[in-house]
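Structure first, commentary second.
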DNA sequence: GTACTCACACGTACGCTGTACGCACCAGCG
DNA sequence: CGCTGGTGCGTACAGCGTACGTGTGAGTAC
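Residue numbers (my numbering), protein chains in the order written: chain A, 221 to 477; chain B, 221 to 477.
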């Protein structure tokens, strides 16, 4: 995947014996061949691939350029700065949502499907939720997603403000839920390399004594019960569905039908 | 506030004429006087102050050390790394919550008070929500907060798992809501310096044409209505209360009484 | 064919970050 | 007095985002 964009070294004009490189004491400037021109989409795709494979911490202008086989600064022809690239990543990821709406179940089933789709994408790209937090993104895919959500509660006689509130409620819940879910997952599995040896040491074992200390202090009885009885971790899907249903129930109290 | 920790320059042994500094061509090593010893709490407080005053982006080991009047690397005696410091900041901020629970309104009023307290803290420290996202923090104050939330739904005959689910639902909503609220606030006001000139240019004016383009495309009718009719922005407090009530209603469908 | 122009790729360099390492110093103790 | 362990902190380094300027190739006008 690397160096596929055809930047090869040396051999410019009149280099018949390969000595010119040595004489000039430094590598020739890379031959400027006809590059398959860079595009914003390519860059975004590369950033997405790097983030998925090595975590969002590995998303570096240099790393992405290397992934594309181009110079670091070439990226800046197509992207204002790194922050814009991150926004593009968010929008691209949101574009992967595959909601199955329009079912005969009415607005509840539609909102449920949208929530599930959102969660699925955020779980597939664990970096998405943190990136969205505190970054107002309004890319086309995000707008499309908003439009879908709004249309799920359209035609119920609600004002736009009310529709937006419903959307915001559900949205806030899904974002918050998945964030917590990802946090929990992070200290169950260690980082991303899943060495079962290093896995143990990362959190459960490191935090174990501290947790025991908190429990033994007796000042947090309910927290302690939570820690002790949550030994066999509950199914996150089930938890999501239950909590999602509560939110939908809550919306139902303010919606007709 | 700077240089108060008493590290003064020069004047070590036998420096009667002030020339030794010049002769040695570089500043004397700072006099090692009896320092009021650094503590984790001091460091955390300094980091909090810097984050509040200049944004989380200004939270730098060097910047904090400067704020404390100590050397950068001194911090590492008390803090494993920057990430641990951020965790300490989160825990300290959560410790500022001032919930008024135990009111006669039952679990609904208690949960409402907890949610309001949480939101208040996150609004007071705009960096808190982003920092919490994707970072499992289990400091004493956080545990205390969890304990409070759990105790609000204690004694209703719920299993621990059910209690945790209720807590998680509310928590997810509050976190998600405040994050969106902060994002919106971010592109209404520009950054933090509130120059009314620069303020206009930052988002509303920069994104204006783009928004118009989206609206004019006609592909997002509901989104367009949202943009157009939300001219006079709604009261976020009111929105929070309404949405919070929906979530509480939803929980009520699964809780007795 | 030649000369000019322009878009774009990219090398270099700078200021900043987190932090590993090791030295300098001080309190307490023999 | 000498030793020792804890701690402050200066130096150094790798890596970051990115401003700036330079060089190349394609396209166009003549």
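The beta carbon of each residue, even a glycine, is placed where N, CA and C say it ideally should be.
Taking Cβ to Cβ, would you say residue i is nearer than 8 Å to residue j?
i	j	result
residue 267 of chain A	residue 309 of chain A	yes
residue 350 of chain A	residue 354 of chain B	yes
residue 316 of chain A	residue 299 of chain A	no
residue 470 of chain B	residue 470 of chain A	yes
residue 331 of chain B	residue 434 of chain B	no
residue 394 of chain B	residue 335 of chain B	yes
residue 280 of chain B	residue 466 of chain A	no
residue 370 of chain B	residue 352 of chain B	no
residue 443 of chain B	residue 367 of chain A	yes
residue 311 of chain A	residue 377 of chain A	no
For residue i, which residues in the same chain have their Cβ closer than 7 Å to its Cβ, ignoring the five residues on either side in sequence?
i	result
residue 294 of chain B	258 and 285
residue 320 of chain A	333
residue 363 of chain B	none
residue 272 of chain B	345
residue 436 of chain B	none
residue 234 of chain B	Confidence at residue 234 of chain B is low in this model, with a pLDDT of 36, below 50, so the placement of that residue should be treated as unreliable; the coordinate-derived value is given next. Within the same chain, residue 234 of chain B has no close Cβ partners at all.
residue 456 of chain A	401
residue 460 of chain B	339 and 397
residue 270 of chain B	278, 279, 283, 284 and 287
residue 337 of chain B	317, 318 and 319
residue 302 of chain A	281
residue 445 of chain B	none
In terms of alpha-carbon separation, which member of the options lies closest to residue i?
i	options	result
residue 373 of chain A	A:322, A:394 and A:271	A:322
residue 404 of chain A	A:437, A:447 and A:282	A:447
residue 385 of chain B	A:328, A:454 and A:312	A:454
residue 304 of chain A	A:283, A:289 and A:260	A:260
residue 380 of chain A	B:375, B:449 and B:380	B:449
residue 462 of chain A	B:473, B:442 and B:459	B:473
residue 375 of chain B	B:269, B:263 and B:475	B:475
residue 365 of chain B	A:439, A:274, A:287 and A:289	A:439
residue 297 of chain A	A:262, A:399 and A:391	A:262
residue 347 of chain A	A:324, A:391 and A:399	A:399
Quick one: what's got a C-beta closer than 6 Å to residue i's C-beta in the same chain, skipping five residues either side?
i	result
residue 458 of chain B	none
residue 282 of chain A	292
residue 464 of chain B	335
residue 314 of chain A	361, 362 and 365
residue 328 of chain B	468
residue 246 of chain A	The predicted model places residue 246 of chain A with a pLDDT of 44, which falls under 50 and marks its position as unreliable, so this point remains unresolved.
Looking only at its own chain, which residues have a Cβ that is under 8 Å from the Cβ of residue i, when we skip the five neighbours before and after it?
i	result
residue 356 of chain B	none
residue 412 of chain A	Note that residue 412 of chain A scores a pLDDT of 47, beneath 50, so its modelled location is shaky and nothing firm can be said.
residue 343 of chain B	398, 401 and 402
residue 432 of chain B	none
residue 392 of chain B	none
residue 324 of chain A	none
Can you list, in chain order, the residues of the region 435-449 of chain B whose Cβ is nearer than 7 Å to any Cβ on chain A? Residues 440, 442, 443, 445, 446 and 449.
Proximal residues, the region 279-302 of chain A versus chain B, C-beta separation under 7 Å: Residues passing the 7 Å Cβ filter: none.
What residues from the region 369-380 of chain A come within 7 Å of chain B, judged by C-beta to C-beta, listed N to C? If the cut-off is 7 Å between Cβ atoms, the region 369-380 of chain A has 370, 371, 374 and 380 near chain B.
Could you name the residues of the region 326-354 of chain B whose beta carbon sits closer than 7 Å to any beta carbon of chain A, in the order they occur along the chain? Listed by position, the residues of the region 326-354 of chain B near chain A (Cβ gap below 7 Å) are 349, 350, 353 and 354.
Taking the runs of the alpha helix (DSSP H) that are 4 residues or longer, which of them lie wholly in the region 288-350 of chain A? DSSP runs (the alpha helix (DSSP H)) wholly in the region 288-350 of chain A: 302-314 and 326-344.
Can you pull out the residues from the region 465-476 of chain A whose beta carbon lies closer than 9 Å to at least one beta carbon of chain B? Hits within the stretch, in order: 465, 466, 467, 468, 469, 470, 471, 472, 473 and 474.
Compile a chain-ordered list of the residues in the region 301-322 of chain B whose CB is closer than 8 Å to at least one CB of chain A. Result list empty, no residue passes.
In chain order, each alpha helix (DSSP H) run of at least 4 residues that lies wholly inside the region 340-399 of chain B: Runs of the alpha helix (DSSP H) inside the region 340-399 of chain B: 348-352 and 360-372.
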